[in-house]
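*Asks:* Under the working numbering, the first residue of the sequence shown is numbered 4, with each subsequent residue one higher.
From the three backbone atoms N, C-alpha and C, an ideal C-beta is built for every residue, glycine too.
Before I ask anything, let me first share the structure, which is written out below as structure tokens.
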Amino acid sequence: MRASWAVFDLASGRAVVERRAGEVFRAASVVKVLLALDFLRGRAVRGRDLELVEAMLRVSDDAAASELWDRGGQGEIVERMVRRAGLRETMPPPADMPGWWGYVGMSAGDVVRVYRYAVGVPEGRLVLGQLRRMADRGADGFDQVFGLAGAVKQGWSGFEDVPDRRPAPAELGLGRPALHTTGVVDGKAVAVLTLHPEGTSAERAAACVTALAEGVMRVTEVAMGSSVEGQ
Numbered sequence: 004m005r006a007s008w009a010v011f012d013l014a015s016g017r018a019v020v021e022r023r024a025g026e027v028f029r030a031a032s033v034v035k036v037l038l039a040l041d042f043l044r045g046r047a048v049r050g051r052d053l054e055l056v057e058a059m060l061r062v063s064d065d066a067a068a069s070e071l072w073d074r075g076g077q078g079e080i081v082e083r084m085v086r087r088a089g090l091r092e093t094m095p096p097p098a099d100m101p102g103w104w105g106y107v108g109m110s111a112g113d114v115v116r117v118y119r120y121a122v123g124v125p126e127g128r129l130v131l132g133q134l135r136r137m138a139d140r141g142a143d144g145f146d147q148v149f150g151l152a153g154a155v156k157q158g159w160s161g162f163e164d165v166p167d168r169r170p171a172p173a174e175l176g177l178g179r180p181a182l183h184t185t186g187v188v189d190g191k192a193v194a195v196l197t198l199h200p201e202g203t204s205a206e207r208a209a210a211c212v213t214a215l216a217e218g219v220m221r222v223t224e225v226a227m228g229s230s231v232e233g234q
């Protein structure tokens with residue numbers, strides 16, 4: 004399993020725990036947080052537009068994400084959010100796959116930067132509020148209850164019967180299942196990104212990610228406790 008993570012304490016404004024936080028993974032549904040923040044910027048949404056955002060964040064609805072991706076200019080969304088949130092490794096999908104929002108490349112460090120951005124802008128309140136109301140299952144039936152608990156956005160890709168073989172940068176790991184758990188938990192922005200061997204079941208991957216996330220949060224508590232004692 005390939006994994007990276009980052010934890011940032013929002014109160015103290017400092018990184019607490021990191022491991023390979025600059026490595027790029029395919030973002031899968033985690034990118035929906037980016038889509039929502041871009042779509043909501045300077046806009047009072049209601050009616051169907053609000054329903055799209057809610058569905059995209061709470062049940063990870065792919066059709067809603069695809070519509071907002073197209074309406075926002077696809078890769079232009081990524082370019083705008085890179086500038087606004089100060090992202091470092093985030094990149095649009097491969098040039099020959101412009102409609103594949105799940106193939107946006109992101110690092111754990113950048114996912115944390117997105118949440119740091121979200122807590123500081125008006126539209127972030129709606130986004131984080133919807134993430135706190137995440138449904139147990141996604142629109143596609145995938146079990147979303149794994150990893151972190153809080154205002155969270157999970158991401159999954161490649162657990163279908165036939166792995167996707169389209170060409171793309173090697174770091175996106177196409178053909179290998181990706182499973183991510185991210186969010187704002189107990190005043191911390193957290194991202195745990197993972198890539199699993201081909202053939203790994205969703206259940207096994209979820210168990211691994213949950214155990215990893217629990218370990219990361221335990222290490223975070225120890226690190227923060229040591230920091231307080233040293234002051």
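For a test of the three-state rule: what should DSSP assign to Asp-65, helix, strand or coil?
*Replies:* helix
*Asks:* On the three-pair Cβ rule with 8 Å, is the region 90–104 touching the region 73–81?
*Replies:* yes
*Asks:* Kindly indicate which residue of Phe-162, Thr-184, Asp-113, Arg-74 has the alpha-carbon position closest to the one of Met-137.
*Replies:* Thr-184
*Asks:* Can you give me the Cβ contacts of Ser-32 inside the same chain, cut-off strictly under 6 Å, excluding the 5 residues immediately before and after it?
*Replies:* Ser-63, Gly-158
*Asks:* DSSP has Ala-192 in a bridge; who is on the other side?
*Replies:* Phe-11, Val-187
*Asks:* Quick one: grab the DSSP three-state call for Met-4.
*Replies:* coil
*Asks:* Confirm, please, whether the CB-CB distance from Leu-129 to Pro-4 is below 8 Å.
*Replies:* Correcting the residue type first, residue 4 is Met in the shown sequence and not Pro. Against a cut-off of 8 Å, the Cβ pair of Leu-129 and Met-4 comes out as no contact.
*Asks:* Under three-state DSSP, which class holds Val-34?
*Replies:* In this structure, Val-34 counts as helix in the three-state DSSP scheme.
*Asks:* Please say whether Gln-133 and Leu-60 have beta carbons closer to each other than 8 Å?
*Replies:* yes
*Asks:* Rounded to whole angstroms, what's the CA-CA distance from Glu-206 to Ser-15? Just pull it up for me.
*Replies:* 36 Å
*Asks:* What do you get for Ala-47, buried or exposed, if any count of 16 or more other CB atoms within 10 angstroms of its CB means buried?
*Replies:* exposed
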